[in-house]
Structure formats: C-alpha cells, structure tokens
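**Q** In the UniProt record's numbering, the protein residues as written are 1 to 811.
To start, I am sharing the structure in question, which I have written as structure tokens.
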C-alpha cells in the first residue's frame with residue numbers, strides 16, 4: 001500500500017489551515033472579497049496537499065543563492081516570475097508603505113492576534129469589509145506566506161496590510177520569495193526547527209516542470225498554477241514520483257536519510273504561571289510557620305529551591321550603572337539580582353546574583369548555589385533566554401561576598417528591540433531560580449520569607465522605636481497606627497523574635513497602611529486587589545495580637561474590585577443618556593417642523609374647500625332637473641359665408657358695427673356634462689368676468705360649449721376629490737385639465753388658479769400625515785428608552801464616588 005505522509009510538524013506553512021478556513025468557515029460573500037483583493041488562488045488549496053518527504057527533499061535541493069532547485073529533472077527556476085505564476089499575481093509592484101501614526105489606531109486592534117482570534121474576527125464580519133480583509137491577510141501571512149517564527153501577529157508584518165483596498169499594486173511576490181529564501185537558509189543552518197516561508201511553492205514548481213516541461217507562461221495551464229494542482233493531481237504525481245527510480249522521493253526502503261538540521265538546544269525554560277509561583281511561595285511560608293522543631297530537623301541537609309521574578313518597568317529611563325532587586329530568600333539565605341542596564345564593560349545586558357545581606361554572615365561563611373537565570377521573552381515564550389551556573393559564595397577577609405553571573409547575557413541590540421520580545425512596553429522580566437543545601441545550622445527565627453515578605457533595601461532606613469530598621473515612607477504611618485493602637489508595640493516587646501523577623505513584620509504592616517493611604521478607589525483593579533490580599537495574608541501570619549481595627553478597611557478596599565469596569569459602565573450609561581437626549585431633541589425639532597407643515601396644508605385645504613364647496617341647489621339655478629345655459633356672443637356677418645345649423649336651433653349672425661346682444665339658449669338633458677355645466681354656471685354667477693371675456697371673442701357655440709364644459713370639469717374635480725385622493729395620478733389628471741382649460745382662452749382665471757395650486761399641493765398629503773404620526777411614535781418610544789437609561793445611571797451611581805481607601809481610618 002502506498003502511504004502519503006502529510007507534514008504537520010516539520011513545516012509551519014502546511015496549507016491545511018487556509019484550506020480549512022476556506023472550505024469550512026468562509027461564506028460566498030467573503031470568498032468574493034478575497035478574490036476581489038487578488039488572493040483568489042489561495043481559496044483553491046485543498047486539505048492534504050503537502051507531502052512530508054518531498055518537502056524535506058525539496059528544502060535540501062533548494063539553492064536560494066542561484067534561485068533554483070537541483071532536481072533529477074534538471075534545474076527548476078524559483079524566480080519572481082515563476083512564483084508569480086503559482087499564485088496568479090503580478091510579478092512586480094510598488095514597495096509597501098511604512099506604518100505611520102495615521103495607521104496605528106487602525107492596526108492596534110490586530111496586535112498579538114493568534115490565527116484563531118483572526119478567524120473569529122472574520123466570522124464576525126460575514127459581509128466582508130476592511131476589517132475582514134485585514135484579518136484574512138494577517139491569517140494568510142502568519143500561517144502560509146511569510147517566515148514568521150510565531151503564531152501571533154507582529155509589528156513587522158503590518159506594512160503588508162495598510163492598503164487592503166488595492167493590495168495587488170504592491171510587490172507581494174518579492175516578499176514571498178524573500179521569505180522563502182530566509183526560511184530555507186535558517187532551516188539549513190539549524191537556526192529554526194521548522195521549514196518557514198511558503199515552502200509549498202517548491203512542490204508546485206517541481207511538479208509543474210515534471211509534468212509540463214520547461215515553464216511557458218503562455219501555454220496551458222494558465223496561472224494561477226496553485227489552483228490547477230488539485231488533490232487528485234498531486235496524489236497521482238506523488239505516486240509517480242515514488243515509482244520513478246530517479247525521483248526525489250523514493251520508496252520507504254530506498255529513501256535515504258534526508259538532511260535535517262538540528263538546532264542547538266536553546267536557553268529555554270518553561271515558566272510557571274504567576275499564580276503558581278505565588279501559591280508555591282505562600283505554601284512554603286505557611287508550612288514553615290506551622291512546622292515544629294522536630295519537622296524542621298527532618299528537613300535538614302535537603303536541597304531548597306526558590307524562584308524570584310523581578311519585573312523592571314520604565315527600563316529606558318534608568319540612568320544608573322547597576323540596579324539591584326529586592327532581597328529574596330532561599331530557605332534562610334538572602335539573595336539579590338544585580339543588572340547592568342548598559343552592560344558591564346561589554347555591549348550586552350549583564351545579570352548577576354549576589355548575596356543579600358553581607359553584614360549578617362560570620363567570617364568564613366560560604367554557600368554553594370545552583371543558579372538558573374532567565375530573561376523572559378514576553379512575545380515568544382519559546383525564545384526565553386536561560387543561563388545556568390554553579391558558584392560557591394564566600395565571605396572574605398574584607399567582609400564582602402562576591403557576586404556571580406553572566407556579563408554577556410544578551411546583546412543590547414537584541415534586548416532593546418521590542419519586536420524581539422524581551423523589552424515590551426519598556427518592561428523586562430528576569431527570573432532567578434536558586435537551589436542551596438539546607439545545612440540546618442542556621443538561625444531558625446528567620447523563616448523562609450518570599451520576596452514580598454523581606455525588607456526592602458531602601459537607601460534610607462530609620463530606627464523604629466528601638467525594634468528594627470524601617471523604611472522612612474512607612475515610619476509616619478506606623479507611628480500613627482501605634483499611637484492609636486498601643487497593643488501593636490506591647491505585643492512585640494513581649495515576644496522573642498529576631499530583628500529580621502520584626503523588621504519584616506512592621507514593614508508588612510507599613511506596606512498595608514501605605515497601600516490604603518495612597519490608593520484610590522479607581523485603582524482597585526484585579527492586580528491591586530491581589531496585591532492587597534497578599535499583603536494581608538502575610539500580615540496575618542505575623543500574628544499581631546489585635547488587627548480587628550484594620551481588617552474592616554482591608555475588606556472594604558478588596559470589595560472595590562473591578563472599579564474600572566464599573567466606572568466604564570457609568571461613563572457608557574452617561575454617554576447613552578446624552579445620545580438619547582440629543583436624538584430626542586432632534587426628533588422633536590423634526591416633528592415640530594412636520595406638524596407646522598401639516599397645519600399649513602390643513603389651512604390651505606380649508607380655504608380651498610370653503611371657496612368651491614357651494615351646491616347649485618343653494619343658488620336655485622335648476623328647474624325640474626333641467627338646466628338652461630345662456631350665452632351671449634358677438635357675431636360678425638361674413639358676406640361670403642352663412643352658418644347653417646343642422647339641428648334646427650336658430651342662430652343669428654349680426655354685423656359687429658351694430659353690436660346687439662342676442663341670447664343663445666341650448667337646453668341639455670341629463671347628460672354627463674350637465675353636472676360640469678352646473679358648476680360652470682355657479683362659477684359664472686360668482687365671477688361675471690368669465691362671461692364677459694367670451695362676449696368679446698368670436699367663437700362658435702360649440703367651442704364655447706366645450707370651454708364651459710372644460711371649466712366645469714375642473715370645478716367638478718375640485719368638488720369631488722378628497723385630500724386623500726391627491727396621489728401622483730390625480731395630480732397629473734388635474735394638471736392636464738387645467739392646461740386644457742387655459743387653452744379655451746378664458747381671460748381671467750385668477751380666482752380659480754389658487755385652488756388648483758392648493759389641490760396640487762395636497763400631493764401625498766396622506767403620507768405626510770402618516771409621517772407625522774410615525775415621528776410622534778418614535779418620540780414616545782425614545783422617551784421610554786431615555787427614562788430607562790436614566791434609571792440605570794442612577795442605580796449605577798448609587799454609593800459610587802471617588803475617595804481614598806483610608807478615609808475612615810481615624811487618624
């Protein structure tokens with residue numbers, strides 16, 4: 001049976017991550033977005049397309065300096081043009097932009113993102129968009145395209161994602177080829193354990209030449225070749241490669257051991273979590289305080305190990321040549337870490353371990369310690385630097401115990417580069433692990449004190465009531481507390497404790513008081529509460545006779561946890577209230593304008609209805625449901641023509657010079673036009689100028705009839721139509737009627753024109769009224785939301801004000 005081993009360990013660039021993303025998580029809209037950016041070829045990758053044995057063989061056959069592969073079928077070019085054909089991208093383009101301040105705010109949310117976090121961001125943007133594009137590009141870069149020695153996004157890849165609207169204008173192929181060269185070189189030199197860079201390209205190029213011959217970019221298959229090489233084609237080609245006696249990949253029996261560089265073991269140590277370290281130290285303290293003399297004797301001559309984590313903030317602001325940590329203990333043995341920020345006569349960070357308190361050691365004292373010193377990589381935990389050594393510390397004749405350490409721990413250039421992970425946000429972390437033999441012959445009054453329990457090496461110490469040396473910052477607070485509660489001093493004078501234990505006890509009490517004195521409620525986040533909780537637990541171990549006066553204040557301070565979240569919630573609610581008030585004010589203004597417009601329309605409508613809402617019955621112009629229209633015309637006799645009427649109705653044509661007035665009567669039965677003429681008669685009664693204008697014009701009786709019918713039609717429209725009927729079709733009809741009416745030559749229609757314009761102005765009146773009602777509903781709903789928001793804000797603000805933690809200590 002033929003087995004195809006897929007590469008999941010030796011290469012970071014296996015295409016399975018991209019294949020899974022495309023097939024299982026992206027929707028059609030997102031895939032179209034990827035194609036629009038020019039990365040559609042990446043969507044054609046299928047799962048299981050990378051062969052383990054072949055990739056290792058190609059990595060060893062790749063010659064980055066000459067840009068080709070040495071294979072049994074000859075040289076395979078790995079150039080910009082051939083790699084561009086694999087991806088279907090332009091071979092050339094503009095250099096990428098630099099990340100300037102204008103882009104920092106946009107890219108800040110994508111810093112230190114894992115592939116899973118980027119995938120989640122893509123899923124939260126199903127319609128695509130700029131955020132989706134940035135997330136997809138970062139995902140493709142850190143999982144497939146570039147030699148990134150991490151599974152997190154880093155600042156150095158952000159230039160590639162600045163312009164996501166037109167990414168194909170930039171030279172992607174150069175970056176991919178450079179990354180391929182860099183990844184292959186580092187792997188061959190043993191600097192990395194994985195094949196970084198887009199090594200998958202080598203497999204595509206090798207198979208393409210093997211199957212189709214020398215590269216011809218004009219022939220089929222056309223780029224992108226990545227999409228052409230499906231899982232079936234690759235499987236068939238791999239099978240053919242294994243059967244071939246001259247292939248790179250031979251049968252498992254014939255296959256030689258490929259060159260697999262072994263990276264030197266790196267100075268790596270797996271760090272315990274902060275919670276685990278603190279828990280272990282506290283457990284040691286509690287156990288040691290509870291043990292009796294018999295149990296302590298049983299532990300004599302055993303190895304004791306302790307860890308101390310030193311976090312140094314604002315490193316760049318350090319002006320000193322050397323800096324010491326606080327004292328920490330391994331059993332009863334005090335230690336301090338010493339660093340030289342600018343190097344100890346070398347261009348490297350120098351780190352040493354020195355004994356903490358030389359003055360307390362007798363002449364001839366010595367102690368052998370196993371030392372493990374680590375510089376934590378805060379971005380890439382696997383790159384944590386660790387140095388190990390064994391040293392015997394001796395108390396010499398001058399009373400000084402020398403330090404032991406590592407003057408060239410790490411180069412300053414590498415250390416000061418934030419992208420390397422050792423100095424992040426101007427903060428570095430050093431961990432010291434010290435193991436010593438517990439001889440059992442030293443003072444047991446000084447218990448196993450962790451770093452938080454030991455006295456600080458402050459430059460200025462003051463004697464506190466003859467008991468011990470205390471930091472100056474704590475003295476005033478302790479004196480006030482002892483004045484208020486004398487039992488603190490009295491209980492300690494009765495006990496037989498070493499000076500160091502007493503110093504630790506009062507220093508811890510001073511730290512608690514200083515914490516309550518200096519901290520604000522707003523400072524009580526999770527870390528601050530943890531710090532206060534640790535101090536309080538240490539203080540309880542000391543067993544002062546009575547701390548009931550202090551306990552309520554500590555508990556009150558601990559209850560202020562998550563103040564920052566509560567503060568943000570209050571600010572958010574305030575912002576919501578302000579936004580709702582602004583929205584309500586704007587809606588009210590819009591509603592007032594709409595109501596004003598509606599009221600004006602109502603008044604115009606009422607005036608129009610008042611002027612043409614008069615019935616003919618009120619004017620008494622009808623008789624037995626018949627209507628007689630009287631029209632007066634001036635007719636000029638023509639010597640060459642006589643008008644002959646077929647219907648028998650007499651018609652007289654007279655000479656214009658005599659200007660006599662004849663009444664022409666035409667009786668109309670119950671026709672459709674009758675109603676129109678009635679309205680015309682009513683209008684003529686109110687506006688005689690309508691009749692007068694036709695007396696002065698030579699129109700036939702039929703023309704005159706049509707004119708008055710047209711007038712009646714307009715009046716009938718105004719009479720019968722409702723405001724709600726004035727839609728677009730009705731307005732178009734009225735405009736046409738009004739145009740026809742003007743064509744009949746009525747001289748004075750000024751009395752009618754306002755009504756027509758008013759009717760035309762009623763267009764979509766119903767929609768306007770509904771709009772006003774809708775706005776009223778919106779305002780009412782907004783009032784409810786505003787009321788709820790105000791209630792939530794009042795509830796959140798109850799018992800929530802800025803104050804000191806010790807405002808009720810009593811002194």
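Glycine included, each C-beta is placed from N, C-alpha and C at the ideal position.
None of the values given here were measured: they were computed from a predicted structure.
With distances taken from CA atoms, which of 594, 481, 755 is nearest residue 548?
**A** On the chain shown, residue 548 is found 548 positions in, with the first residue counted as 1. Nearest option by C-alpha distance: 481.
**Q** If you draw a straight line from the alpha carbon of residue 312 to that of residue 513, how long is it in whole angstroms?
**A** For the purposes of this step, residue 312 is identified with residue 312 of the chain shown, where counting begins at 1. For the purposes of this step, residue 513 is identified with residue 513 of the chain shown, where counting begins at 1. For residue 312 and residue 513, the distance between alpha carbons rounds to 24 angstroms.
**Q** When you compare the region 37-44 with the region 223-241, are there three or more beta-carbon pairs, one atom per stretch, that lie closer than 8 angstroms?
**A** The answer is yes - the region 223-241 touches the region 37-44, with three or more Cβ pairs under 8 angstroms.
**Q** Note down the Cα distance separating residue 177 from residue 136, rounded to an integer number of angstroms.
**A** The residue given as residue 177 occupies position 177 in the chain shown. The residue given as residue 136 occupies position 136 in the chain shown. Whole-angstrom Cα-Cα distance: 20 angstroms.
**Q** Let me check understanding here. Comparing Cα to Cα, which of 689, 143, 174, 92 lies closest to residue 115?
**A** Taking the first residue of the chain shown as position 1, residue 115 is located at position 115. Out of 689, 143, 174, 92, 143 has the C-alpha closest to the C-alpha of residue 115.
**Q** Can you check which of these residues, 207, 684, 502, 791, is closest to residue 77 by C-alpha distance?
**A** Here residue 77 is taken as the residue at index 77 of the chain shown, counted from 1. The shortest Cα separation from residue 77 among 207, 684, 502, 791 belongs to 207.
**Q** Tell me whether residue 347 sits in a helix, a strand or coil according to DSSP, three-state version.
**A** Within the chain shown, numbered from 1, the residue matching residue 347 stands at position 347. Looking at residue 347 - three-state DSSP - the assignment turns out to be coil, as it is neither helix nor strand.
**Q** The beta strand (DSSP E) that contains residue 330, what's its start and end?
**A** Looking up residue 330 in the chain shown gives position 330. 328-330 is the extent of the beta strand (DSSP E) around residue 330.
**Q** If contacts are defined as beta-carbon pairs under 8 angstroms, then residue 328 and residue 375 qualify, I think. What distance do you get, rounded to the angstrom?
**A** The sequence position of residue 328 within the chain shown is 328, counting from 1. The sequence position of residue 375 within the chain shown is 375, counting from 1. Contact flag wrong, Cβ pair sits at about 17 angstroms.
**Q** DSSP on residue 3, reduced to helix/strand/coil?
**A** To locate residue 3, count along the chain shown from 1; it is residue 3. Note that residue 3 scores 27 on pLDDT, short of 50, meaning its location in the model is unreliable and no value can be drawn from it.
**Q** Can you tell me the Cβ-Cβ gap for residue 237 and residue 211, rounded? I've got them flagged as a contact below 8 angstroms.
**A** To locate residue 237, count along the chain shown from 1; it is residue 237. To locate residue 211, count along the chain shown from 1; it is residue 211. Contact flag correct, Cβ pair sits at about 7 angstroms.
**Q** Let me make sure I understand the geometry here. Which of 791, 437, 172, 368 has the alpha-carbon closest to that of residue 303?
**A** Locating residue 303 in the chain shown gives position 303, counting from the first residue. Looking at the Cα atoms, 437 is the closest of the given residues.
**Q** Buried or exposed, going by whether 16 or more other CB atoms sit within 10 Å of the CB of residue 623?
**A** The residue labelled residue 623 in the question sits at position 623 within the chain shown. Confidence at residue 623 is low in this model, with a pLDDT of 40, below 50, so its placement is unreliable and no value can be given for it.
**Q** Please identify the residue among 434, 402, 559 whose C-alpha is closest to the C-alpha of residue 332.
**A** Residue 332 sits at position 332 when you count from the first residue of the chain shown. Of the candidates 434, 402, 559, the one whose C-alpha sits nearest the C-alpha of residue 332 is 434.
**Q** Going by Cα to Cα distance, which pick from 130, 532, 63 is closest to residue 555?
**A** The sequence position of residue 555 within the chain shown is 555, counting from 1. Taking only the C-alpha atoms, the option nearest residue 555 is 532.
**Q** Give me, in chain order, the residues of the same chain whose beta-carbon lies closer than 6 angstroms to that of residue 692; leave out the 5 immediate sequence neighbours on both sides.
**A** In the chain shown, residue 692 corresponds to position 692, counting from 1. Same-chain partners within the cutoff: there are none.
**Q** Could you check the C-alpha separation between residue 586 and residue 120 for me, to the nearest Å?
**A** As a position in the chain shown, residue 586 is number 586, starting the count at 1. As a position in the chain shown, residue 120 is number 120, starting the count at 1. Whole-angstrom Cα-Cα distance: 38 angstroms.
**Q** Which first and last residues belong to the beta strand (DSSP E) in which residue 403 is found?
**A** If you number the chain shown from 1, residue 403 lands on position 403. No beta strand (DSSP E) contains residue 403, which DSSP labels as neither H nor E.
**Q** Out of 690, 537, 161, 550, which one is the CA nearest neighbour of residue 817?
**A** Any question about residue 817 goes unanswered here, given that the chain covers just 1 to 811.
**Q** State the DSSP-derived secondary structure class of residue 794, mapped to helix, strand or coil.
**A** For this step, residue 794 is matched to residue 794 along the chain shown. DSSP places residue 794 in helix when its eight states are reduced to three.
**Q** Candidates 745, 218, 394: which alpha carbon is nearest residue 364's?
**A** Along the chain shown, one-based indexing puts residue 364 at 364. When only C-alpha atoms are compared, the closest one is 394.
**Q** Assess contact between the region 746-763 and the region 712-731, defined as three or more Cβ pairs (one per stretch) separated by less than 8 angstroms. Is contact present?
**A** They touch, by the three-pair rule.
**Q** Between the alpha carbons of residue 84 and residue 158, how many angstroms are there, rounded?
**A** The residue labelled residue 84 in the question sits at position 84 within the chain shown. The residue labelled residue 158 in the question sits at position 158 within the chain shown. Looking at the two C-alpha atoms, the distance is approximately 22 angstroms.
**Q** Would you kindly report the start and end of the unbroken alpha helix (DSSP H) that includes residue 818?
**A** Residue 818 lies beyond the stretch modelled for the chain, which goes from 1 to 811, so this question has no answer here.
**Q** So is residue 347 buried or exposed if we call it buried at 16+ other beta carbons inside 10 Å?
**A** Taking the chain shown and counting its residues from 1, one reaches residue 347 at position 347. With fewer than 16 Cβ atoms within 10 Å of its Cβ, residue 347 is classed as exposed.
**Q** What's the gap between the Cα of residue 341 and the Cα of residue 390?
**A** Mapped onto the chain shown, residue 341 falls at position 341. Mapped onto the chain shown, residue 390 falls at position 390. Answer to the nearest angstrom: the Cα atoms are 23 angstroms apart.
**Q** When DSSP labels each residue in this structure, what does residue 471 get in the three-state scheme?
**A** Within the chain shown, residue 471 is the residue found at index 471, counting from 1. It is a strand residue.
**Q** Kindly list the residues whose CB is nearer than 6 angstroms to the CB of residue 260, restricted to its own chain and excluding five residues on each side of it in sequence; keep chain order.
**A** As a working mapping, residue 260 is identified with position 260 in the chain shown. Unreliable positioning characterises residue 260 in this predicted model, as indicated by a pLDDT of 45, which lies under 50. A coordinate reading is not provided.
**Q** Taking all protein chains shown into account, do 16 or more other C-beta atoms lie within 10 angstroms of the C-beta of residue 425, making it buried, or fewer, making it exposed?
**A** The residue labelled residue 425 in the question sits at position 425 within the chain shown. Residue 425 comes out exposed.
**Q** Tell me the residue span of the beta strand (DSSP E) that contains residue 76.
**A** As a working note, residue 76 is residue 76 in the chain shown. Segment 74-77, the beta strand (DSSP E) holding residue 76.
**Q** Closer than 8 angstroms by C-beta to residue 377: which residues in its own chain qualify, once you throw out the five before and the five after it? Chain order, please.
**A** For the purposes of this step, residue 377 is identified with residue 377 of the chain shown, where counting begins at 1. Around residue 377: 383, 384, 385, 420, 421, 422.
**Q** Just to confirm the assignment, what range does the alpha helix (DSSP H) spanning residue 834 have?
**A** The question about residue 834 has no answer, for the chain in this structure spans 1 to 811.
**Q** According to the neighbour-count rule (16 or more other Cβ atoms, all chains shown, within 10 Å of its Cβ), is residue 92 buried or exposed?
**A** The residue you call residue 92 lines up with position 92 of the chain shown. Residue 92 comes out exposed.
**Q** Quick one: is residue 729 buried, meaning 16 or more other Cβ sit within 10 Å of its Cβ, or exposed?
**A** If you number the chain shown from 1, residue 729 lands on position 729. Answer is exposed; the Cβ neighbour count stays below 16.
**Q** Helix, strand or coil for residue 787, going by three-state DSSP, please let me know.
**A** Sequence index remark: in the chain shown, residue 787 carries index 787 (1-based). Residue 787 falls in the helix class under three-state DSSP.
**Q** Does residue 688 pass the burial test, meaning 16 or more other C-beta atoms within 10 Å, or should it be called exposed?
**A** Locating residue 688 in the chain shown gives position 688, counting from the first residue. By the 10 Å Cβ count, residue 688 comes out exposed.
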